[in-house]
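Each residue of the sequence shown is one higher than the one before, counting from 13 in our numbering. Yeah, the Cβ is synthetic: ideal placement off N, Cα and C, and Gly gets one too.
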Amino acid sequence: MGPVSAGVLQLIALVGALALVYIPLGDHMARVYSSPKHLRVEKWIYKGIGADPDTEMTWPAYLRGILAFSAVGVLFLYLLQRLQGVLPGSLGFSSVNPAQSFNTAVSFVTNTNWQSYYGEQTMGHVVQTAGLAVQNFVSAAVGMAVAVALVRGFARSRTGELGNFWSDLVRGTLRILMPVAAIAAVVLVACGVIQNFSGIHEVGQFMGGSQQWNGGAVASQEAIKELGTNGGGYFNANSAHPFENPTPFTNLFEVFLILVIPFALTRTFGVLVGSVRQGYAILATMFTIWLGFTALMMWTEFAHHGPALQAAGGAMEGKEVRFGVGGSSIFAVATTLTSTGAVDSFHSSFTGLGGGITMLSMMLGEIAPGGTGSGLYGILIMAVIAVFIAGLMVGRTPEYLGKKIGGREMKLAACYILITPALVLVFTAASMALPTPPHSMLNSGAHGFSEVLYAFTSAANNNGSAFAGLNANTDWYNTMTGLAMLLGRFLPMVFVLALAGSLAGQKPVPVTAGTLRTEKPLFTGLLVGAILIITGLTYFPALALGPLAEGLA
13 MGPVSAGVLQ
23 LIALVGALAL
33 VYIPLGDHMA
43 RVYSSPKHLR
53 VEKWIYKGIG
63 ADPDTEMTWP
73 AYLRGILAFS
83 AVGVLFLYLL
93 QRLQGVLPGS
103 LGFSSVNPAQ
113 SFNTAVSFVT
123 NTNWQSYYGE
133 QTMGHVVQTA
143 GLAVQNFVSA
153 AVGMAVAVAL
163 VRGFARSRTG
173 ELGNFWSDLV
183 RGTLRILMPV
193 AAIAAVVLVA
203 CGVIQNFSGI
213 HEVGQFMGGS
223 QQWNGGAVAS
233 QEAIKELGTN
243 GGGYFNANSA
253 HPFENPTPFT
263 NLFEVFLILV
273 IPFALTRTFG
283 VLVGSVRQGY
293 AILATMFTIW
303 LGFTALMMWT
313 EFAHHGPALQ
323 AAGGAMEGKE
333 VRFGVGGSSI
343 FAVATTLTST
353 GAVDSFHSSF
363 TGLGGGITML
373 SMMLGEIAPG
383 GTGSGLYGIL
393 IMAVIAVFIA
403 GLMVGRTPEY
413 LGKKIGGREM
423 KLAACYILIT
433 PALVLVFTAA
443 SMALPTPPHS
453 MLNSGAHGFS
463 EVLYAFTSAA
473 NNNGSAFAGL
483 NANTDWYNTM
493 TGLAMLLGRF
503 LPMVFVLALA
513 GSLAGQKPVP
523 VTAGTLRTEK
533 PLFTGLLVGA
543 ILIITGLTYF
553 PALALGPLAE
563 GLA
C-alpha cells in the first residue's frame, strides 16, 4: 500500500469513528447541561466553594464567575511553578523563572498550552499533575460553559438569564471530560504510553555520552490534553515523542480525541435549541472546511517537487516515520483547526504552503470544528454574520433561530471577529519593528517572518503550537505572548456572553415565507463562504509576506 492510500484510509477510519459517537455523545452533553439534578459529589463541591448551582446568572454575573475562577487559576499555577524547587516530586528541578511562570500559567488557564520550555527538563511531577493537568480539565470546561451559555441565549426568550457558571463548569468537568479522559487514558496505556511517577533514568551510551529520561503520568495528561483541545505535552517533542504517542494507532486515536467533543457539540446545540437539523447545518459547515483543509494539506505535503521528496514519498522533513505524511497531515490540520496545539510533526519543516495552511487554520478562528466549546460559539458568531449578509442581500431584517439580528447584535459579533486579528497583527508588527525580538528568529526572510506570525497567531487564538525555529523563551516573547493569550481568550468571551444576554432577552420572531432557512445546504454554503472570505481579507497581506512568498519562491 502506498503512502497516499494509507493516508486516505486513515482519514476514512477517523470519519467513521467520529460518526459512531456523534449522536450518543452529543445527546449526553445536552442532558448534562439541561438536567435539574445534581450529583452528590457535585453538591459537595458547590458547598465547598460557596456556590448555589440553582441560581440563574445574567451575562455580567456569568462573566464575573469566569474571570474570577481564571484569575485564581493563574495565581495558583504561577505560585506552584515559583515554589517548585521546594516541593516534593520536583525531580531536582529548580523553580521556574518569573516571566516563564507567568507565560505558562496564563497559557494553561487560557486553554492555549503554549510552551516556551522543555517539559521533561523543567517541570516536576507535582507541577505537571497538580497544576498543568488540572488546568487541562477546567480550562476546557470553561470553554464548553461559554458555548452552552450562548446556546441558551438562542433557546430562551424574554429573560436575561443564561444558567449558572459554577454548575456548568462542574458538570462539564465531572460528567463529560473526566469519564471520557479516563477511558482514553486506559486505551493509551494499553497501547504503550507510559504512566508512572518514576525519577530520572540515565540510559545508553550515545557518541561517548549518555541520555537521561524521566517518567511521569503521561497517559492521563495526554488523554485530556487532546480531549480538551489543550495541547501542552509532557515532553518537548510533544505528540511526536514515543512515550506520548508510540504507534500509528495512538496517533489516529489522539486525533479522534481532539475532534470528538467539538464535532459532537453541534448535536448538543441542535438538541438544546429544539432543532437537530440546525445542528447538522453547523456540523456540515465544520466538516466541509476540515475535510477540505485536510485534503489540501495532504496534497501540498505529498507533492513530489525534487528528487529528495520523490525518494521519500513526500515531504518527510520534520515528520515521524512512524506516522508518515498522511498521519502527520491529518494531525496538523486537526490540531490547528481546533485550539489544541499538540504536534506529532514540526510545522516549521512543512512545505511553505503546508505551513501556510496550519496558520490559516488558526486564522479562521479555529471553528472547524474548533476547541471544546470555543469552536461552537465561534462558528455561531460567524452564523450571525452570515445571516446578516443574507438579510442585506434581500432587504430584510436578518433572523437566526427566531431571534432578530439588529444593530446591537451585529456590533457585538463584529467586535468578536475583529479582536483576535488585531492582536495577531499588532503584536507581530511590534516584534518585527523593534530591534531585539527579531534576534529570536532562526531564519531570515519569509520563513523568519512566518515564525513570528505563527507565534502570535497561535497565542491569540489560544492554540499553542509553534514554528520551532523561533526562540520564544525570552522576556519579550514570554510577556507578549502571555498578554496575547489573555486578551485572545477573555475579550471574545465578553462579546459572546453579551450577545447571549441580548438574544435571551428577545421575543421570538415567528417563521414566515421570507425567513432564511438556516438548516438548508444553501445556508451552509453561505456560511463556509463568509468564513473563508472574511478571514482571507483580514490576513491575506500578512500571509503574502510569509508562507505564500515562501511557497511560491
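Fill in: Unbroken alpha helix (DSSP H) run spanning residue 274, endpoints
Counting from one through the sequence shown, the residue named residue 274 turns up at place 262. Per DSSP, residue 274 belongs to the alpha helix (DSSP H) from 260 to 284.
Worksheet item: Can you name, in chain order, every residue of its own chain whose Cβ lies under 8 Å from the Cβ of residue 289, other than the five neighbours on each side?
Response: The count along the sequence shown starts at 1 and reaches residue 289 at position 277. Once the five neighbours on either side are set aside, the close Cβ partners of residue 289 are 282 and 531.
Worksheet item: Exposed or buried, what is residue 393 when buried is set at 16 or more other beta-carbons lying within 10 Å of its beta-carbon?
Response: Against the sequence shown, residue 393 aligns to sequence position 381. The residue is buried, with at least 16 neighbouring Cβ atoms inside 10 Å.
Worksheet item: So, using beta-carbon positions, are residue 512 and residue 174 closer together than 8 Å?
Response: Residue 512 sits at position 500 when you count from the first residue of the sequence shown. Residue 174 sits at position 162 when you count from the first residue of the sequence shown. The answer is yes: Cβ separation under 8 Å.
Discussion item. Quick check on the burial criterion: 16 or more other C-beta atoms within 10 angstroms. Buried or exposed for residue 448?
Written reply: In the sequence shown, residue 448 corresponds to position 436, counting from 1. With fewer than 16 Cβ atoms within 10 Å of its Cβ, residue 448 is classed as exposed.
Worksheet item: Whose C-beta lies closer than 6 Å to the C-beta of residue 250 among residues of the same chain, with five residues either side of it excluded?
Response: Position 238 of the sequence shown holds residue 250. So the qualifying residues of the chain are 354 and 355.
Fill in: Supposed close pair residue 558, residue 484 - CB separation, criterion 8 Å
Here residue 558 refers to the residue found at position 546 when the sequence shown is read from its first residue. Here residue 484 refers to the residue found at position 472 when the sequence shown is read from its first residue. Not really, about 17 Å apart at Cβ, beyond 8 Å.
Discussion item. Cutting at 7 Å between CB atoms, please list the residues of its own chain near residue 359, excluding the five before and the five after it.
Written reply: Counting from 1 along the sequence shown, the entry for residue 359 is found at position 347. Closer than 7 Å at Cβ, skipping near neighbours: 344, 367, 370, 477 and 479.
Fill in: residue 226 in three-state terms, based on DSSP
In the sequence shown, counting from the first residue as 1, residue 226 sits at position 214. Residue 226 falls in the strand class under three-state DSSP.
Worksheet item: Going straight from the alpha carbon of residue 332 to that of residue 450, what length do you get?
Response: Here residue 332 corresponds to residue number 320 of the sequence shown, with the count starting at 1. Here residue 450 corresponds to residue number 438 of the sequence shown, with the count starting at 1. Taking the straight line joining both Cα atoms gives about 29 Å.
Discussion item. Here's a check: name, in chain order, each residue in its chain whose Cβ is nearer than 7 Å to the Cβ of residue 121, leaving out the five neighbours to either side.
Written reply: Along the sequence shown, one-based indexing puts residue 121 at 109. Excluding positions up to five away in sequence, the list reads 82, 85, 86, 89, 147 and 151.
Discussion item. The alpha helix (DSSP H) that contains residue 203, what's its start and end?
Written reply: Within the sequence shown, numbered from 1, the residue matching residue 203 stands at position 191. It is not in any alpha helix (DSSP H) - residue 203 carries neither H nor E in the DSSP assignment.
Item to complete: Would you kindly check if the distance between the Cβ of residue 229 and the Cβ of residue 93 is under 8 Å?
Response: By 1-based counting over the sequence shown, the position of residue 93 is 81. By 1-based counting over the sequence shown, the position of residue 229 is 217. Cβ atoms of residue 93 and residue 229: not closer than 8 Å.
Worksheet item: Would the beta-carbon of residue 26 fall within 8 Å of that of residue 236?
Response: In the sequence shown, counting from the first residue as 1, residue 26 sits at position 14. In the sequence shown, counting from the first residue as 1, residue 236 sits at position 224. Cβ distance not < 8 Å, so residue 26 and residue 236 don't count as in contact.
Worksheet entry | residue 153 versus residue 545: straight-line alpha-carbon distance, rounded | Locating residue 153 in the sequence shown gives position 141, counting from the first residue. Locating residue 545 in the sequence shown gives position 533, counting from the first residue. Spanning the two alpha carbons is a distance of roughly 31 Å.
Worksheet item: Going along the chain, which residues of its own chain have a beta-carbon closer than 7 Å to the beta-carbon of residue 261, five neighbours each way excluded?
Response: On the sequence shown, position 249 is the one that residue 261 refers to. So the list reads 203, once near-sequence residues are dropped.
Worksheet item: Do the CB positions of residue 399 and residue 534 come within less than 8 Å of each other?
Response: On the sequence shown, residue 399 is found 387 positions in, with the first residue counted as 1. On the sequence shown, residue 534 is found 522 positions in, with the first residue counted as 1. Result no, Cβ atoms of residue 399 and residue 534 do not sit closer than 8 Å.
Worksheet item: Rounded to a whole number of angstroms, what is the C-alpha to C-alpha distance between residue 231 and residue 134?
Response: Translated into positions along the sequence shown, residue 231 becomes position 219. Translated into positions along the sequence shown, residue 134 becomes position 122. Computed Cα separation, rounded: 19 Å.
Worksheet item: Is the CB of residue 144 under 8 Å away from at least one CB in chain C?
Response: Within the model displayed, chain C is absent; a lone protein chain is all it includes.
Worksheet entry | Distance between residue 285 and residue 315 (C-alpha atoms, nearest Å) | Your numbering for residue 315 matches position 303 in the sequence shown. Your numbering for residue 285 matches position 273 in the sequence shown. Taking the straight line joining both Cα atoms gives about 44 Å.
Discussion item. Residue 433 and residue 550 - do their beta-carbons sit closer together than 8 Å?
Written reply: Here residue 550 refers to the residue found at position 538 when the sequence shown is read from its first residue. Here residue 433 refers to the residue found at position 421 when the sequence shown is read from its first residue. Against a cut-off of 8 Å, the Cβ pair of residue 433 and residue 550 comes out as a contact.
Worksheet item: In three-state terms, what does DSSP make of residue 70?
Response: Taking the sequence shown and counting its residues from 1, the one referred to as residue 70 is at position 58. The answer is strand: DSSP assigns residue 70 an E or B state.
Worksheet item: How is residue 412 classed by DSSP in three states: helix, strand or coil?
Response: In the sequence shown, the residue the question calls residue 412 occupies position 400. Of the three classes helix, strand and coil, the one that applies to residue 412 here is strand, per DSSP.
Worksheet item: For residue 475 versus residue 310, is the C-beta distance shorter than 8 Å?
Response: By one-based count along the sequence shown, residue 475 stands at place 463. By one-based count along the sequence shown, residue 310 stands at place 298. Not closer than 8 Å, so no.
Worksheet entry | Expected contact under 8 Å - CB spacing of residue 165 and residue 515 to nearest Å | Working through the sequence shown from its first residue, we reach residue 165 at position 153. Working through the sequence shown from its first residue, we reach residue 515 at position 503. About 4 Å; that satisfies the 8 Å criterion.
Worksheet entry | Coil, strand or helix - residue 49 by DSSP | Counting from one through the sequence shown, the residue named residue 49 turns up at place 37. Correct three-state label for residue 49: coil.
Worksheet item: Among the residues of its own chain, which have a CB less than 6 Å from the CB of residue 163, if the five just before and after it don't count?
Response: Position 151 of the sequence shown, counting from 1, holds the residue named residue 163. Around residue 163: 281 and 284.
Practice prompt. Starting from residue 212, follow its DSSP beta bridges and name the residues at the other end.
Written response: On the sequence shown, residue 212 is found 200 positions in, with the first residue counted as 1. Residue 212 pairs with 226.
Discussion item. Under DSSP, the alpha helix (DSSP H) around residue 357 begins and ends at which residues?
Written reply: Stepping through the sequence shown from its first residue, residue 357 is reached at position 345. No alpha helix (DSSP H) contains residue 357, which DSSP labels as neither H nor E.
Discussion item. Spatial neighbours of residue 491 within its chain, please: C-beta separation below 8 Å, excluding the five flanking residues on both sides.
Written reply: The residue labelled residue 491 in the question sits at position 479 within the sequence shown. Answer for residue 491: 111, 114 and 115, listed in chain order.
Discussion item. Do residue 536 and residue 293 count as a contact pair if the criterion is CB distance below 8 Å?
Written reply: Numbered from its first residue, the sequence shown carries residue 293 at position 281. Numbered from its first residue, the sequence shown carries residue 536 at position 524. In contact: residue 293 and residue 536 (Cβ atoms closer than 8 Å).
Worksheet item: Helix, strand or coil: how does DSSP classify residue 313 here?
Response: The count along the sequence shown starts at 1 and reaches residue 313 at position 301. Helix, per DSSP.
Practice prompt. Check whether the region 415 to 425 touches the region 182 to 194, counting contact only when three or more Cβ pairs, one atom from each stretch, lie closer than 8 Å.
Written response: no
Fill in: Between the CA atoms of residue 470 and residue 463 - distance to the nearest angstrom
Along the sequence shown, one-based indexing puts residue 463 at 451. Along the sequence shown, one-based indexing puts residue 470 at 458. Computed Cα separation, rounded: 11 Å.
Discussion item. For residue 455, which residues in the same chain have their Cβ closer than 6 Å to its Cβ, ignoring the five residues on either side in sequence?
Written reply: Within the sequence shown, numbered from 1, the residue matching residue 455 stands at position 443. Closer than 6 Å at the Cβ level, and outside the excluded window around residue 455, lie 481.
Worksheet item: Just to check, is the beta-carbon of residue 143 closer than 7 Å to a non-hydrogen atom of the ligand NAD?
Response: As for the ligand NAD, it is missing from this structure, which has no ligand bound.
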